[in-house]
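Reviewing the structure listed below.
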Amino acid sequence: MIYSMTGYGKSVLQLPTKKVTIELKSLNSKSLDLNARMPSIYREKELTIRKLLADTLERGKIDFSIYVEATAEDTSTQINTPVVKQYIEQLRQVVDGDPIELLKMAVRFPDALNTVREEIDENEWELIQNEINVAIKDLINHRLDEGEVLEKDFNQRVAIIDDLLEQVMAMDPERIVGVRERLLKGVEELKDKYDENRFEQELVYYIEKFDITEEKVRLKNHLNYFIDSINSDDSNGKKLGFISQEMGREINTIGSKSNYAPMQQLVVQMKDELEKIKEQLLNVL
1 MIYSMTGYGK SVLQLPTKKV TIELKSLNSK SLDLNARMPS IYREKELTIR
51 KLLADTLERG KIDFSIYVEA TAEDTSTQIN TPVVKQYIEQ LRQVVDGDPI
101 ELLKMAVRFP DALNTVREEI DENEWELIQN EINVAIKDLI NHRLDEGEVL
151 EKDFNQRVAI IDDLLEQVMA MDPERIVGVR ERLLKGVEEL KDKYDENRFE
201 QELVYYIEKF DITEEKVRLK NHLNYFIDSI NSDDSNGKKL GFISQEMGRE
251 INTIGSKSNY APMQQLVVQM KDELEKIKEQ LLNVL
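Numbering (full-length UniProt numbering), first residue to last: 1 to 285.
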């Protein structure tokens, strides 16, 4: 089976005073490209999160986010009452204003508000970590669903290439006859005597030069290996990419050796299907 690198995972945790939302988004990338966004209180856990994501998601452009929404009175910022009162008294010595307006001015001054640094509650973090694992599983399931779509597309396109290859193989004897006739016609147009034995030797040479038997066999093997690899447990995009390169090499050689327009048309169709396969392989994990 294959997994796509594209996926989305989400999990929501409702705590007594806050709602914590974990989101994971994944796109294709040659390696692991991880971006993590989270409130400062959880920053000390970032390395642990990164290692977990690297071990479970392996590859792709990953965006990881933790969003916290307060659902009850729970604030780490408090008014520094003595300082604010002192500011108000000093302001009254400067201007005789409305107390509300003086208060508005006072709270804008330095040290009017105290921010108490929050510490991670380990019990709370354990719950959040469980939800991170839930979001990861959700993303992996999404990747698997996308991979099934890709697998179906690969099977269809490989089947098309295989069918075109069968047409090439069926056309090959006709091609050889055509090569022989063209060579014979070329010799006859010289309007000169020629050595028939020498002609037969040259004919054998050209037919061997244009022979595509090995390429047909190797391409057939590569097509089968591609399908076997998709169905294997260790299937991955890089391995499939290498196989597709070998498929392309054999298709190109068949095209260059064919020297026969109808066969070259089939080769063009095979190349088109292979390019679509390579394009989709960029999304395979």
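Virtual Cβ for every residue (Gly too), placed ideally from N, Cα, C.
It should be emphasised that the depicted structure is a prediction, and the values quoted were computed from it without experimental measurement.
CB contact flag (residue 237, residue 285, <7 Å): As a first step, residue 237 must be located in the sequence shown, where it is residue number 237. As a first step, residue 285 must be located in the sequence shown, where it is residue number 285. Taking 7 Å as the Cβ cut-off, residue 237 and residue 285 qualify as a contacting pair.
Short Cβ contact (7 Å threshold) for residue 145 with residue 9: The sequence position of residue 145 within the sequence shown is 145, counting from 1. The sequence position of residue 9 within the sequence shown is 9, counting from 1. No, Cβ-Cβ distance for residue 145 and residue 9 is not below 7 Å.
Other residues of its chain near residue 222: CB distance less than 8 Å, five sequence neighbours each side excluded: If you number the sequence shown from 1, residue 222 lands on position 222. Taken in chain order, the residues that qualify are 243, 246, 247 and 250.
Beta-carbon proximity of residue 61 to residue 31, cut-off 7 Å: Position 61 of the sequence shown holds residue 61. Position 31 of the sequence shown holds residue 31. Going by C-beta atoms, residue 61 is not nearer than 7 Å to residue 31.
Residue 268 classed as buried or exposed, judged by whether at least 16 other C-beta atoms fall within 10 angstroms: Translated into positions along the sequence shown, residue 268 becomes position 268. Answer is exposed; the Cβ neighbour count stays below 16.
Inter-stretch contact at 8 Å, needing at least 3 Cβ pairs: the stretch 89 to 101 / the stretch 51 to 68: no
C-alpha gap between residue 24 and residue 36, whole angstroms: The residue you call residue 24 lines up with position 24 of the sequence shown. The residue you call residue 36 lines up with position 36 of the sequence shown. Near 9 Å, if we compare the C-alpha coordinates of residue 36 and residue 24.
Nearest-angstrom Cβ-Cβ length linking residue 134 and residue 263, presumed shorter than 8 Å: As a working mapping, residue 134 is identified with position 134 in the sequence shown. As a working mapping, residue 263 is identified with position 263 in the sequence shown. About 55 Å; that fails the 8 Å criterion.
Neighbourhood of residue 292 by C-beta distance below 6 Å, restricted to the same chain and skipping five residues each side: Given a span of 1 to 285 for the chain in the structure shown, any question on residue 292 remains unanswerable.
Unbroken alpha helix (DSSP H) run spanning residue 261, endpoints: Within the sequence shown, the letter at position 261 stands for residue 261. Residues 261 to 281.
Contact set for residue 132: own chain, Cβ-Cβ below 6 Å, skip 5 residues either direction: Looking up residue 132 in the sequence shown gives position 132. Spatial neighbours of residue 132 in its own chain (CB-CB distance under 6 Å, excluding positions within 5 residues in sequence) are listed in chain order as 22.
Candidates 253, 12 and 33: closest to residue 130 by CA position: Here residue 130 corresponds to residue number 130 of the sequence shown, with the count starting at 1. The shortest C-alpha separation from residue 130 is found at 12.
Beta-bridge partners of residue 19, as assigned by DSSP: Here residue 19 refers to the residue found at position 19 when the sequence shown is read from its first residue. BP columns for residue 19 point to 14 and 69.
Extent of the continuous alpha helix (DSSP H) run through residue 50: Residue mapping note: residue 50 aligns to position 50 of the sequence shown, counting from 1. That run of the alpha helix (DSSP H) goes 46 to 57.
Bridge-paired residues (DSSP) for residue 36: Working through the sequence shown from its first residue, we reach residue 36 at position 36. According to DSSP, residue 36 bridges with 64.
Euclidean distance between Cα positions of residue 81 and residue 121: As a working note, residue 81 is residue 81 in the sequence shown. As a working note, residue 121 is residue 121 in the sequence shown. When rounded, the distance between both Cα atoms is 28 Å.
Whole-angstrom distance between residue 123 and residue 153, CA atom to CA atom: Locating residue 153 in the sequence shown gives position 153, counting from the first residue. Locating residue 123 in the sequence shown gives position 123, counting from the first residue. Cα to Cα, residue 153 sits roughly 46 Å from residue 123.
Residue 27, DSSP secondary structure in three states: Within the sequence shown, residue 27 is the residue found at index 27, counting from 1. Looking at residue 27 - three-state DSSP - the assignment turns out to be strand.
Cut-off 7 Å between Cβ atoms - residues of its own chain near residue 157, not counting five sequence neighbours on either side: Walking along the sequence shown from the start, residue 157 turns up at place 157. 273, 276 and 277, listed in sequence order.
Residue interval of the alpha helix (DSSP H) (run including residue 233): Along the sequence shown, one-based indexing puts residue 233 at 233. Counting along the chain, residue 233 falls outside any alpha helix (DSSP H), and DSSP gives it neither H nor E.
Presumed contact (8 Å Cβ cut-off) between residue 141 and residue 227, rounded CB distance: As a working note, residue 141 is residue 141 in the sequence shown. As a working note, residue 227 is residue 227 in the sequence shown. About 24 Å; that fails the 8 Å criterion.
Exposure of residue 283, with buried meaning 16 or more beta-carbon neighbours within 10 Å: Here residue 283 is taken as the residue at index 283 of the sequence shown, counted from 1. Buried, because 16 or more other Cβ atoms sit within 10 Å of the Cβ of residue 283.
Contact under 7 Å by Cβ, residue 83 with residue 111: The residue labelled residue 83 in the question sits at position 83 within the sequence shown. The residue labelled residue 111 in the question sits at position 111 within the sequence shown. Taking the C-beta atoms as reference points, residue 111 is found nearer than 7 Å to residue 83.
Local Cβ density within 10 Å of residue 40, reported as buried at 16 or more and exposed below that: Working through the sequence shown from its first residue, we reach residue 40 at position 40. Exposed.
Contact under 7 Å by Cβ, residue 53 with residue 27: Start at 1 with the first residue of the sequence shown, and residue 53 comes out as number 53. Start at 1 with the first residue of the sequence shown, and residue 27 comes out as number 27. No, Cβ-Cβ distance for residue 53 and residue 27 is not below 7 Å.
Buried or exposed by the 16-neighbour rule on C-beta atoms within 10 Å, applied to residue 100: Stepping through the sequence shown from its first residue, residue 100 is reached at position 100. So residue 100 ends up on the exposed side.
Buried versus exposed, by CB contacts within 10 Å (16 or more), residue 159: Taking the first residue of the sequence shown as 1, we reach residue 159 at position 159. The residue in question, residue 159, is exposed, as its Cβ has fewer than 16 Cβ neighbours within 10 Å.
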